[in-house]
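Working notes, structure below.
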Amino acid sequence: MKTINVGLIGGGFMGKAHSLAYSAVPMFFWPTDLIPVKKTIAEASEDLAADAAARFGFENSTSDWRSIVDDPDIDVVDIATPNHLHAEIAIAALQAGKNVICEKPLARTVEEAGAMYAAARATDKVHMVAFNYRRTPAVALAKRYVDEGAIGEILNFRATYLQDWSADPSAPLSWRFQKKIAGSGAVGDIATHIIDIARYLAGEISSVTALTSTFIKERPVQGAGADSLGNTKGGSSEMAPVDVDDEVMTLVKFASGAVGSLEATRNAWGRNNFITFEIHGTEGSIFFNYENRDELQVCFKADGDDRRGFRTVYTGPNHPNGANLWPIPALGIGYGETKIIEAHDFFTAIAGGEPVRPDFGDGYQAALIDHAILMSAETGAWTDVPLLDRETGLLRAAV
Ligand SMILES: NC(=O)c1ccc[n+]([C@@H]2O[C@H](COP(=O)([O-])OP(=O)(O)OC[C@H]3O[C@@H](n4cnc5c(N)ncnc54)[C@H](O)[C@@H]3O)[C@@H](O)[C@H]2O)c1
């Protein structure tokens, strides 16, 4: 068993989730090929970095992320900063020969995502984009049902990601409401997660028509003391414009011929992390709601007319990703577990010299879909999504 040195950049919400995963990987996955060592953490200032190191258990701290990228002792660069830094850090880290895991969305724009993918293709290092919801055991179980043909040919995939943390107009203008930092609003922040789930379960999206809206057009300028979503309660009396979407609805066509819809908002009072999907196939249906994330609901045509209906499968040790978690179904899978599985799969890929999914190619394809959604919302027209050819690294016209 060997160790692997991690340099983590960004000690906020995701810095906490990733640090937890690095500590927990050997507890859940034992024996393991590589034991992560929390070597160095970078934050925006020396004080923040020292705090983060003490809190999350890193040996060193720095306010200069470049010193992590330049450090020959660091094997893995983990990017958990706001989106505007993803491309610069990832490209520098890949060029320095590091394995890289980057939070979603891969980048602010499709151009940045394309440059990151090109840098990733130019190395033999492992790259991963942190679409961790794929690793929820119930979501992976849905994939198993689909792959086994249990619901037949997919006809319709509909998904939502609804939250309410931006519904209050007095919530301040955190980085998530600023295009120059975030790139987009609900589209890149949360719709991108259900776009990844849609691709994972129903295949490539070939065309979209979308509308976006920004209901809360200005917010108080952010003061000090941001909370875990980058908000500060109270804010200041100075107002500044919100220049990203806060709501998106889209119809989608899949390359397979299936159709679907995706909706995301951060303004839905009462909805917290309401990631849902429902898939209708020729032989049955699947329903998932992240707020009951141990459960997958399934319905099969073959059950017969007198007993057909949704039934609930509680995920546990017998389900995908479940064996290393808890010994009894429905003890409760949390957000942290998805990050532990993600980290384990990343280190396993590094140990085996194998690629892992979702990688920067998946992050780029999701960015192409985000881009088409934003274009369609502007023009009002159906917009084709180019498909990344993973063999050549080139884009092909939508099918
Ligand atoms: N996978 C998920 O479910 C999920 C959930 C939330 C956020 N995210 C993504 O994770 C990323 C970070 O989001 P977050 O919620 O942790 O944000 P956050 O605001 O809580 O944390 C970001 C941290 O980065 C730090 N930072 C800013 N500039 C820096 C610099 N130059 N060097 C080092 N650190 C710097 C900030 O001080 C802050 O602590 C974003 O890309 C976001 O979209 C993913």
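Per the working numbering, the sequence shown starts with residue 660, numbered consecutively.
From the three backbone atoms N, C-alpha and C, an ideal C-beta is built for every residue, glycine too.
Keep in mind that this is a model prediction, so the values were computed, not measured.
_Can you tell me whether threonine 627 is buried or exposed? The criterion is at least 16 other CB atoms within 10 Å of its CB, across all chains shown._
Lying outside 660 to 1058, the shown extent of the chain, residue 627 is not represented and no answer is given.
*Could you tell me the distance, in whole angstroms, from the CA atom of alanine 841 to the CA atom of phenylalanine 672?*
Their Cα atoms are separated by approximately 15 angstroms.
*asked:* Report the start-end ranges of each alpha helix (DSSP H) in the stretch 831–911 that is 4 residues or longer and not cut off at the edges.
replied: Those alpha helix (DSSP H) runs which fall completely within the stretch 831–911 and span 4+ residues are 838–841, 851–861.
*Spatial distance of alanine 1025 from glutamate 906 (CA atoms)*: One C-alpha to the other measures close to 18 angstroms.
_Proximity to threonine 868 [Cα-Cα], best of Pro1045, Ala1057, Leu1053, Gly1039_ = The candidate whose alpha carbon is nearest that of threonine 868 is Gly1039.
*Taking one C-beta from the stretch 728–742 and one from the stretch 761–773 each time, how about it: are there three or more such pairs within less than 8 angstroms?*
Yes, the stretch 728–742 touches the stretch 761–773.
*May I ask you to report which of helix, strand or coil DSSP gives serine 704?*
For serine 704, the secondary structure class from DSSP, reduced to helix, strand or coil, is coil.
_Tell me whether lysine 661, by its Cβ, gets closer than 7 angstroms to a heavy atom of ligand 1._
It does not: the Cβ of lysine 661 is nowhere closer than 7 angstroms to a heavy atom of ligand 1.
*Please go through the same chain and pick out, in chain order, the residues whose beta-carbon is closer than 8 angstroms to the beta-carbon of alanine 799, but skip the five residues on each side of it.*
Non-local beta-carbon contacts of alanine 799 in its own chain, meaning distances under 8 angstroms to residues more than five positions away in sequence, involve Arg793, His978, Pro979, Asn980 in chain order.
*So threonine 924 packs on alanine 830, CB below 8 angstroms; how close in whole Å?*
Between threonine 924 and alanine 830 a beta carbon distance of about 14 angstroms is seen, past the 8 angstroms cut, so the two are scored as non-contacting.
*May I ask which residues mark the beginning and end of the alpha helix (DSSP H) holding arginine 780?*
For arginine 780, the enclosing alpha helix (DSSP H) stretches over residues 769–780.
_Pop quiz: isoleucine 992 and proline 828 are said to be a contact at Cβ under 8 angstroms. What is the actual Cβ separation, rounded to whole angstroms?_
That belief does not hold up - the Cβ atoms of isoleucine 992 and proline 828 are roughly 34 angstroms apart, past 8 angstroms.
*asked:* DSSP three-state label for glycine 995, please.
replied: In this structure, DSSP gives glycine 995 a helical state, which the three-state scheme calls helix.
*Identify, in the order they occur along the chain, each residue of the same chain with its Cβ nearer than 7 angstroms to the Cβ of arginine 780, setting aside the five sequence neighbours on each side.*
Once the five neighbours on either side are set aside, the close Cβ partners of arginine 780 are Gly1052.
*Say the cut is 7 angstroms; is the CB of phenylalanine 672 nearer than that to a heavy atom of ligand 3?*
As presented, the structure is devoid of ligand 3, carrying ligand 1 as its sole ligands.
*Following the continuous beta strand (DSSP E) through glycine 919, name the residue where it begins and the one where it ends.*
Boundaries of the beta strand (DSSP E) harbouring glycine 919: 918–924, taken from the DSSP string.
*Apart from the five residues on each side of it in sequence, which residues of its chain come closer than 8 angstroms, Cβ to Cβ, to leucine 1054?*
Non-local beta-carbon contacts of leucine 1054 in its own chain, meaning distances under 8 angstroms to residues more than five positions away in sequence, involve Leu1027, Pro1045, Leu1046, Leu1047, Asp1048 in chain order.
*Could you please give the first and the last residue of the uninterrupted beta strand (DSSP E) stretch that includes lysine 661?*
Note, lysine 661: beta strand (DSSP E), 661–668.
*valine 957, DSSP secondary structure in three states*: Valine 957 falls in the strand class under three-state DSSP.
*Under the criterion of a Cβ to heavy atom distance below 7 angstroms, does aspartate 1021 qualify as lining ligand 1?*
No, the beta carbon of aspartate 1021 sits no closer than 7 angstroms to any heavy atom of ligand 1.
*Assign serine 887 to one of two classes, buried (16 or more other C-beta atoms within 10 Å of its C-beta) or exposed (fewer than that).*
The predicted model places serine 887 with a pLDDT of 49, which falls under 50 and marks its position as unreliable; any figure quoted below should be read in that light. That one is exposed.
*By the 10 Å Cβ neighbour count, where 16 or more other Cβ atoms means buried, how is tryptophan 724 classified, buried or exposed?*
Tryptophan 724 sits buried, since 16 or more C-beta atoms from the chains shown fall within 10 Å of its C-beta.
*In angstroms with no decimal places, state the Cα-to-Cα distance between aspartate 1043 and glycine 916.*
If you draw a straight line from the Cα of aspartate 1043 to the Cα of glycine 916, it comes to about 14 angstroms.
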